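Undergrad:
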Amino acid sequence: MEIVSLKTENFRLLAAQTVEFSPEVNVISGANAQGKTTLLEAAYLLTGLRSFRSRYDRELISFGGQEALVDGQVQAAGRLQRIELRLSRGRTRLIRQNGVRRSSSEVTESLKAVLFSPEDLGLVRGPASGRRKLLDSAISQLRPGYGALLADYARLYENKLRILRDWREKPSLLDPLEEFSRSLCLYSARLIRYRASFAARLAALAGPIHREFSGGGEKLEIRYETVSTVTDPTASEKAILEEILQRQEALSRAELESGQCLVGAHKDDLAITVDGADARTFASQGQARTAALSLKLAERELFLEETGEAPVLLLDDVLSELDPFRQEFVLNRIGGGQTLITCCDEATVSRLTGGRVLRMEKGRVV
Ligand SMILES: Nc1ncnc2c1ncn2[C@@H]1O[C@H](COP(=O)(O)OP(=O)(O)O)[C@@H](O)[C@H]1O
Ligand SMILES: [Mg+2]
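Under our numbering, residues 2 to 367 are what the sequence shown spells out, in order.
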């Protein structure tokens, strides 16, 4: 996988420009707020047409601009492709893959990328939402249909939540509640099957990486956690649905009383243990960082295994946060594919020998 070139217009603070990338390491340097992360964001958009920073398209359009363009030439699925995304205020986005109009969910065999940002270093000890995001953003890229399923789930969840919050003022809202709950359980069953199989593969890859990373000492284990009544998250959709519905029945009253959705895949998590102890609460800062890096490196391996091509690696400000040993370990494991790394200090840049340096000033590569 490779981004050959990337053209942007009115994309946040980025200048109208076409940036060409090296197929190996690209070091994006520059002072704060010059557009380094934004360039990675534009690159990441070519994968699933979703930003990793903003939920709404309008935030991606330059202040005062009406329409933004991100237009990339990528080498993916064994051929040169073009992915074009036009965002405009007040109108729906327009996507073209190789000149043909597509919806987000129809874009397949496109670029795949693994993103590493400073927040990922807090993956292990942080909230469950970060661990779900790892699952969701990876599976969205690997499984066509998963992104749309996730969006449908989010919409249903919001609707149900509104009912649970407002039913006292407006009792008629309760009429469709059962239907919403049932649908949410069904969509949960679908999400759970995807997530369970992905998590199992991630666990198998992360264990050996972590053992090597920690000098052979530590044992990292990852287990997918979901609705408590689900006995086997890899069972059939029907079997899982039955088990979730049991839980739904038991908690329906409590949902009405608390005004919260208590049942469904929105509470999923990854249980992470290091030498048997729950790393979410007991890991030291160093152990947690090592485990987080092992997970992200495992994600990259999984993409490689799945597609036969190394995904593009997007490293946002991560190296400067790591001690030299961890920097070394990460850099040694990421060969054989294209990497875009952002950083502020030139010292880090010079250590990364052989990389093409792209200096950014005021949204422009100079
Ligand atoms: N929609 C937008 N239009 C114009 N500028 C924006 C927009 N969104 C963010 N910015 C600006 O982009 C800058 C941050 O860019 P960023 O890529 O995060 O910088 P860096 O990673 O180099 O520190 C901020 O100054 C912010 O105000
Ligand atoms: Mg940045």
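Even for Gly, the Cβ is constructed at its ideal location relative to N, Cα and C.
Predicted model, so just to flag it, every value in this text is computed and none were measured.
Assuming LYS297 contacts ASP121 (C-beta within less than 8 Å), just tell me the rounded distance between them.
TA: The Cβ separation is near 6 Å, so the contact holds.
Undergrad: ILE342 to LEU165, Cα distance in whole Å?
TA: For ILE342 and LEU165, the distance between alpha carbons rounds to 45 Å.
Undergrad: Let me check one thing: in DSSP terms, what residues is GLU10 bridge-paired to?
TA: DSSP, once it has assigned bridges, lists LEU70 as partnering GLU10.
Undergrad: Which term fits PRO141, buried or exposed, when burial requires 16 or more other beta carbons within 10 angstroms of its beta carbon?
TA: According to the sequence shown, residue 141 is Ser rather than Pro. With 16 or more other Cβ atoms within 10 Å, it is buried.
Undergrad: Measuring alpha carbon to alpha carbon, tell me which residue in GLU110, LEU50, LEU242 is nearest ALA149.
TA: When only C-alpha atoms are compared, the closest one is LEU50.
Undergrad: So, THR9 versus ALA32, is the Cβ gap smaller than 9 Å?
TA: Their beta carbons are not under 9 Å apart, which means THR9 does not touch ALA32 by this criterion.
Undergrad: Apart from the five residues just before and just after VAL231, which ones in its own chain have a Cβ nearer than 7 Å to its Cβ?
TA: Same-chain partners within the cutoff: ILE193, ILE241, GLU244, ILE245.
Undergrad: Please report how far the alpha carbon of ALA251 lies from the alpha carbon of SER118, in whole angstroms.
TA: Near 40 Å, if we compare the C-alpha coordinates of SER118 and ALA251.
Undergrad: Between LEU70 and ILE4, what straight-line distance do the alpha-carbon atoms span, to the nearest angstrom?
TA: Each residue's alpha carbon lies about 16 Å from the other.
Undergrad: I'd like the list of long-range same chain contacts for GLN67, defined as Cβ closer than 8 Å, with 5 residues on each side in sequence excluded.
TA: Cβ neighbours of GLN67 beyond the five flanking positions: ASN11, SER89, ARG90.
Undergrad: Looking at C-beta atoms only, is the number of pairs between the region 300–319 and the region 284–292 that lie closer than 8 Å three or more?
TA: Flag = no, the region 300–319 and the region 284–292 do not touch.
Undergrad: Would you check whether ligand 2 has a heavy atom nearer than 8 Å to the C-beta of THR308?
TA: No, the Cβ of THR308 stays beyond 8 Å of every heavy atom of ligand 2.
Undergrad: Helix, strand or coil: which one does DSSP assign to GLN288?
TA: Helix.
Undergrad: Using only alpha-carbon positions, find the residue among ARG59, LEU143, ARG103 that is nearest to ARG92.
TA: Cα-wise, what sits closest to ARG92 is ARG59.
Undergrad: Does the Cβ-Cβ distance between LEU47 and LEU81 come in under 9 Å?
TA: No, Cβ-Cβ distance for LEU47 and LEU81 is not below 9 Å.
Undergrad: What does the Cβ neighbour count give for PHE326, buried or exposed, with the cut at 16 atoms within 10 Å?
TA: The residue in question, PHE326, is exposed, as its Cβ has fewer than 16 Cβ neighbours within 10 Å.
Undergrad: Please state if the CB of LEU187 and the CB of GLU238 are separated by a distance shorter than 9 Å.
TA: Yes, the pair counts as a contact, with Cβ atoms nearer than the cut-off.
Undergrad: Where does ARG51 fall in DSSP's three states?
TA: Coil at ARG51, not helix or strand.
Undergrad: Taking 7 Å as the limit, name every residue whose beta carbon sits nearer than that to some heavy atom of ligand 2, in sequence order.
TA: Residues with a Cβ closer than 7 Å to any heavy atom of ligand 2, in chain order: LYS37, THR38, ASP317, ASP318, THR343.
Undergrad: Run the CB neighbour count on GLN339, radius 10 Å, all protein chains shown included, and call it buried at 16 or more, exposed below.
TA: With 16 or more Cβ atoms within 10 Å of its Cβ, GLN339 is classed as buried.
Undergrad: Can you name the residues that DSSP bridges to ARG97?
TA: DSSP, once it has assigned bridges, lists GLU85, ARG102 as partnering ARG97.
Undergrad: Answer yes or no: does any C-beta atom of chain D fall closer than 9 Å to that of PRO325?
TA: Among the chains of the structure shown, chain D does not appear; only one protein chain is present.
Undergrad: I want to know whether the region 217–227 touches the region 162–181 - three or more CB-CB distances under 8 Å.
TA: No, because fewer than three Cβ pairs between the region 217–227 and the region 162–181 fall closer than 8 Å, the two stretches do not touch.
Undergrad: What are the start and end residues of the alpha helix (DSSP H) that includes ARG59?
TA: Where ARG59 is concerned, there is no enclosing alpha helix (DSSP H), given that its DSSP letter is neither H nor E.
Undergrad: Hey, out of ASN333, ALA311, SER111, whose CA is closest to PRO1's CA?
TA: This structure leaves residue 1 out entirely; the chain is present only between 2 and 367.
Undergrad: Kindly identify the DSSP beta-bridge partner or partners of GLU300.
TA: Beta-bridge pairing links GLU300 to no other residue.
Undergrad: Could you tell me if the beta carbon of ARG360 falls within a distance shorter than 8 Å of some heavy atom in ligand 1?
TA: The answer is no for ARG360.
Undergrad: At a threshold of 8 Å, does LEU252 count as lining ligand 1 (C-beta to nearest heavy atom)?
TA: No, since every heavy atom of ligand 1 falls outside the 8 Å radius drawn around the Cβ of LEU252.
Undergrad: Take CYS344 as the anchor and find which of ALA16, GLY337, ALA34 has the nearest alpha-carbon.
TA: Nearest of ALA16, GLY337, ALA34 to CYS344, Cα basis: ALA34.
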